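The block underneath contains the structure these notes are about, expressed in structure tokens.
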Amino acid sequence: MASKYSDLITKLIDQINTMEKGDKLPSERQLCKDFGVSRTTVRNAIGYLVNSGMLYQIQGKGTFIREQNSENLSNYYSFTEQTKKNGKSPKSLVLDFVIKLPSKKLREIFDLKEGEKIIQFERLRLADDLPMMYETTSIPYPRFEGISKELLEVKALYDIMNEDFKTKIYQVKERFSVSSLTGNKAKALKQNDQSPSLKIVRKSYDLENKLIEYTISQARADMFYYETSYWPN
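Under this note's numbering, the first residue of the sequence shown carries the number -10, and numbering increases by one thereafter.
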């Protein structure tokens, strides 16, 4: 059963999704009344959403909507959704799928017990059948037992997590760097050996701050660029 804190965050996100950028959130007192929770719970939930970038606060004036968010995740990159927005047809080819014991590094990253396994798969991401990105993803087997290669080929990973396992991603940490494509990855992406690529290391966390996805992606440098925007305080 979800805690009052996590349940309130989910309800607030649903409410935020019906509002516009710049709209003012109801007062803490009103939120306590609307959701039947304590002021401490309201403050903690609002603090989480402020830190996640969905809300911002102006002292003496209140809490406001940073931007409309219809995906329940602030500013994350979904290859499937972004490809559709660009008017192209996304496709994922699962090149490898294994259930295995993790390396020492991955066991520590996921905080797994001795003997617990991971699901690891490699995917080639295409847009209109043009290869764009090569991904190696690891997820904890105890959490997502039942995910199969066949399911990943017909359904987006985040939809599987959300719809089949009732698991939402609430925080994503990404590290970008310049890399090069070699061997099978270069061949799969139809690039020359040592061609430049954008390397993205992604860690995705649930509401309880538990890591549920670790992905290393290599994107074609001739097809991707990184852009960001922010609001200085």
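C-beta: ideal position from N, C-alpha, C; glycine also.
Quantities reported herein were computed from a predicted structural model and do not represent experimental measurements.
Simplified DSSP state of residue i, which is helix, strand or coil
i    : result
N61  : Residue confidence for N61 is low, a pLDDT of 32 falling below 50, so the modelled location carries little weight; the figure read from the coordinates is stated next. The answer is coil: DSSP assigns N61 none of H, G, I, E or B.
E111 : strand
I158 : coil
F165 : strand
Q234 : The requested residue 234 does not occur in the structure, where the chain is confined to residues -10 to 222.
L225 : Outside the shown range of the chain, which is -10 to 222, sits residue 225, and nothing can be said about it.
A175 : helix
F213 : coil
I149 : helix
Given residue i as reference, the closest of the options once Cα atoms are compared
i     : options                  : result
I201  : I98, D23, K74 and G11    : I98
L6    : V143, F53 and D117       : Correcting the residue type first, residue 6 is Asn in the shown sequence and not Leu. If we check each option's Cα against that of N6, F53 comes out closest.
T156  : E139, T30 and F133       : F133
Q19   : M8, K138 and R28         : R28
S81   : L119, N40 and L101       : L119
C21   : K0, E9 and N40           : K0
V190  : S206, E197 and K199      : S206
V39   : F24, S(-8), I2 and K73   : I2
D117  : M8, I47 and Q71          : Q71
M212  : R32, L115, E9 and E17    : L115
R112  : K93, E142, E103 and V161 : E142
S(-8) : S78, K10, F154 and A34   : A34
S166  : A208, P79 and L95        : A208
Expected contact under 8 angstroms - CB spacing of residue i and residue j to nearest Å
i    : j    : result
D195 : I149 : Incorrect: roughly 14 angstroms between the Cβ atoms, too far for contact.
P131 : E105 : 6 angstroms
Contacts around residue i, its chain only, beta-carbon distance under 7 angstroms, and the 5 residues preceding and following it disregarded
i   : result
N64 : The predicted model places N64 with a pLDDT of 40, which falls under 50 and marks its position as unreliable, so this point remains unresolved.
I88 : K106, I108 and Y130
Cβ-heavy atom distance, residue i to the ligand COA, below 6 angstroms
i   : result
V26 : Among the components of this structure there are no ligands whatsoever, and the ligand COA is therefore not found.
Contacting residues, own chain, Cβ-Cβ under 6 angstroms from residue i (five flanking each side not counted)
i    : result
T126 : F110 and T204
E60  : With a pLDDT of 33 at E60, under the threshold of 50, the modelled position of that residue is not reliable, and the figure given next carries that caveat. Closer than 6 angstroms at the Cβ level, and outside the excluded window around E60, lies no residue.
L62  : The pLDDT assigned to L62 is 30, lower than 50, so where the model puts this residue is not dependable; a value taken from the coordinates is nonetheless given after this. Result list for L62: I158, in chain order.
Y45  : F53 and R55
D12  : I54
8 angstroms CB neighbourhood of residue i in its chain, flanking five on each side removed
i    : result
K138 : V83, F86 and F110
L183 : At residue 183 the sequence reads Gln, which differs from the Leu that was named. Hits under 8 angstroms: S169, L170, T171 and A175.
Residue-level contact to chain D via CB, residue i, 7 angstroms cutoff
i     : result
I(-2) : Of the chains in the structure shown, none is chain D; there is only one protein chain.
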